[in-house]
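Notes to accompany the following structure.
Okay, structure coming up:
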C-alpha cells in the first residue's frame, strides 16, 4: 500500500495522472490530507470511483491519542500518540507570546544513548515516516484547537539519523498548499552527526539548527553523549562553522545543566573560548530529572549564565514548561512502556 501522506504534491500529481485524473485533483487530495482527513470517503469533491481506487492502493496515516496530559501550571499539553503498528511517540504543545510551538518526534526510540535523556532508554525501534511526523503537527492542532505557528524537532529520536524522512517532512510542512509553516519557524536539534550536518548545509534551508553540545570538553561530553567518542568536540565545532558559512544561519547550542558534571566555572570559561567569535547562541537547559538516571539538575544555572555573558557569549535559559506532566522528552513514553509490561498501553 502506498503511504500517500508522505508524498509531495508533485508525487501525488504523478500518481493521479497515472490514474487518468486531471492535475487539479492533486491539490484537492493534498488539501484534504493536510487538513487531517483520515479516509478517502471524506473527500467529497473527488469522484467516487477515484476514491475507491485510492482506497484500494493507498493508506492514510493517522495516530490516535494513547494518553494526553495538560499542565495545570502553564497549559502545556503532552500527547502520547499511538501509531498504526502500536508503537507510541510523544508530542508537546507549548504556548508562548509569539504563538504556539509543537515539539515533534522523528523516531520511535533513539540510538544515541545520551545519559540524561529518557528517549534513548530501550534503544531505537524504527524511523518515523514523513507522514507520521507531519501527523503530530496536524493532529495536535486539531485536537487542541490551537493554531501552530512554530515547530521544534526536539522530541524522541535523532532527526539527522532519519535524514530522508525528515527532509521530506520539512518539504511537506512548508508547502503553501498545506500547513505552510515557514522554515524560519522551524528548529531542528541534533546530537552532532557531522556528516549529516554537512549534508543538511547543502540544502541551504533557512531553519534553525540546534546542536546538543552539553559539554565543552571531550571527556565530559563523551561521558554524557556516546556519539562524541567518534566525533569529538573540535570536529563538531568545525562542522558547525562550515554550516554557518554555507547557510548564513546562526547555530544554537543546547546545554543541559547537570549538577557537578558540566556546570563549573572552568567549563563555562572553556565553552566561552571555544565559541568566541562564532556569533552562536547558547541555550542553557535546566535538567529534567529522569527516574532511571543518577544525574541531577544543576544549582548553578544563573552563575554559569553570568560567566558566559561576561565573556561576550549570547546566552539564554530555557523556560521550563510542563514540569507537572512529564513534559521532558521520552518520560511519558517510558512510563507507558512500564505500564504496558504490566498490561497497560503502547510501546
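Residue numbers (the numbering used here): 3 to 349. Heads up, the beta-carbon is just placed ideally off N, CA and C, and yes, glycines get one too.
Handout entry: Cβ-Cβ distance between residue 171 and residue 203 below 8 Å
Key = A distance of 8 Å or more separates the beta carbons of residue 171 and residue 203.
Exercise for the section: Measure the Cβ-Cβ separation of residue 251 and residue 208 and say whether it is below 8 Å. Expected result: The answer is yes: Cβ separation under 8 Å.
Practice task
Starting from the Cα of residue 28, find the closest Cα among 43, 41 and 47 and give me that residue.
Solution key: The option with the nearest alpha carbon to residue 28 is 47.
Practice task
Pull up the distance between the alpha-carbon of residue 78 and that of residue 70, whole angstroms please.
Solution key: Answer to the nearest angstrom: the Cα atoms are 11 Å apart.
Exercise for the section: Run the CB neighbour count on residue 17, radius 10 Å, all protein chains shown included, and call it buried at 16 or more, exposed below. Expected result: Residue 17 comes out buried.
Practice task
Starting from residue 29, follow the alpha helix (DSSP H) in both directions and report where the run begins and ends.
Solution key: Where residue 29 is concerned, the enclosing alpha helix (DSSP H) stretches over 26–35.
Exercise for the section: State buried or exposed for residue 291, treating a residue as buried only when at least 16 other CB atoms are found within 10 Å of its CB. Expected result: By the 10 Å Cβ count, residue 291 comes out exposed.
Handout entry: Exposed unless 16 or more other CB atoms sit within 10 angstroms - verdict on residue 7
Key = Residue 7 is classed as buried because its beta carbon has at least 16 other beta carbons within 10 Å across all chains shown.
Problem - Per-residue DSSP class, three states only, for residue 237 - result: In this structure, residue 237 counts as helix in the three-state DSSP scheme.
Practice task
Measure the alpha-carbon distance for residue 20 versus residue 226 and round it to whole angstroms.
Solution key: One C-alpha to the other measures close to 51 Å.
Problem - Residue burial classification, residue 81 (beta-carbon count within 10 angstroms, cutoff 16) - result: So residue 81 ends up on the buried side.
Practice task
Put residue 271 into one of helix, strand or coil per three-state DSSP.
Solution key: Note: residue 271 maps to helix in three-state DSSP.
Problem - Closest Cα partner of residue 350 within the set 185, 146, 286 and 11 - result: The requested residue 350 is not part of the displayed model; the chain covers only 3 to 349.
Practice task
May I ask you to list the residues that DSSP assigns as paired with residue 84?
Solution key: Listed as beta-bridge partners of residue 84 by DSSP are 66 and 90.
Problem - beta strand (DSSP E) runs wholly inside the stretch 152–206, at least 3 long, in chain order - result: The qualifying runs are 188–192.
Handout entry: residue 182 classed as buried or exposed, judged by whether at least 16 other C-beta atoms fall within 10 angstroms
Key = Taking a 10 Å sphere around the C-beta of residue 182, we find fewer than 16 other C-beta atoms and assign the residue as exposed.
Handout entry: DSSP bridge partner residues for residue 105 (one or two, in chain order)
Key = BP columns for residue 105 point to 94 and 154.
Handout entry: Simplified DSSP assignment, three categories, for residue 118
Key = In the structure shown, the three-state DSSP call for residue 118 is coil.
Problem - Nearest neighbour of residue 57, chosen from 22, 45, 65 and 66 [CA to CA] - result: Cα-wise, what sits closest to residue 57 is 45.
Handout entry: Reduced DSSP category for residue 287 - H, G, I as helix; E, B as strand; rest coil
Key = In the displayed model, residue 287 falls within a strand according to three-state DSSP.
Exercise for the section: Evaluate residue 67 with the Cβ neighbour count: other Cβ atoms within 10 Å of its Cβ, from every protein chain shown; 16 or more gives buried, anything less gives exposed. Expected result: Exposed, by the Cβ-count rule.
Problem - residue 50 burial status per 10 Å Cβ neighbour count (16 or more: buried) - result: Classification of residue 50: exposed, given that the 10 Å Cβ count is below 16.
Practice task
Tell me whether residue 75 sits in a helix, a strand or coil according to DSSP, three-state version.
Solution key: Coil.
Practice task
On a CA-only basis, which of 86, 198 and 206 is nearest residue 173? Give me that one, please.
Solution key: When each option's Cα is compared against that of residue 173, the closest is 206.
Handout entry: Any C-beta of chain D under 8 Å from that of residue 235
Key = Of the protein chains in this structure there is only one, and it is not chain D.
Problem - Endpoints, beta strand (DSSP E) assigned at residue 211 - result: 210–214 is the extent of the beta strand (DSSP E) around residue 211.
Problem - Under the three-state DSSP convention, the category residue 320 falls into - result: When secondary structure is reduced to three states using DSSP, residue 320 falls in the coil class, being assigned neither helix nor strand.
Exercise for the section: Note down the Cα distance separating residue 116 from residue 212, rounded to an integer number of angstroms. Expected result: The straight-line gap from Cα to Cα measures roughly 16 Å.
Exercise for the section: Just the C-alpha distance for residue 5 and residue 125, rounded to the nearest angstrom, thanks. Expected result: C-alpha separation (whole angstroms): 25 Å.
Problem - Start-to-end residues for the beta strand (DSSP E) that takes in residue 255 - result: It spans 254–259 - the beta strand (DSSP E) in which residue 255 sits, taken as one unbroken run.
Exercise for the section: Note down the Cα distance separating residue 285 from residue 139, rounded to an integer number of angstroms. Expected result: Straight across, the Cα-Cα distance linking residue 285 with residue 139 is about 24 Å.
Handout entry: With 16 other Cβ atoms within 10 Å as the buried cut-off, status of residue 157
Key = Residue 157 should be labelled buried.
Problem - N-terminal and C-terminal residue of the alpha helix (DSSP H) that residue 51 is part of - result: Where residue 51 is concerned, the enclosing alpha helix (DSSP H) starts and stops at 50–59.
Handout entry: Exposure label - residue 348; buried when at least 16 CB within 10 Å
Key = At residue 348, the pLDDT of 43 sits below 50, so the modelled position is not reliable; the number obtained from the coordinates is stated separately. Its Cβ being crowded by 16 or more others within 10 Å, residue 348 is buried.
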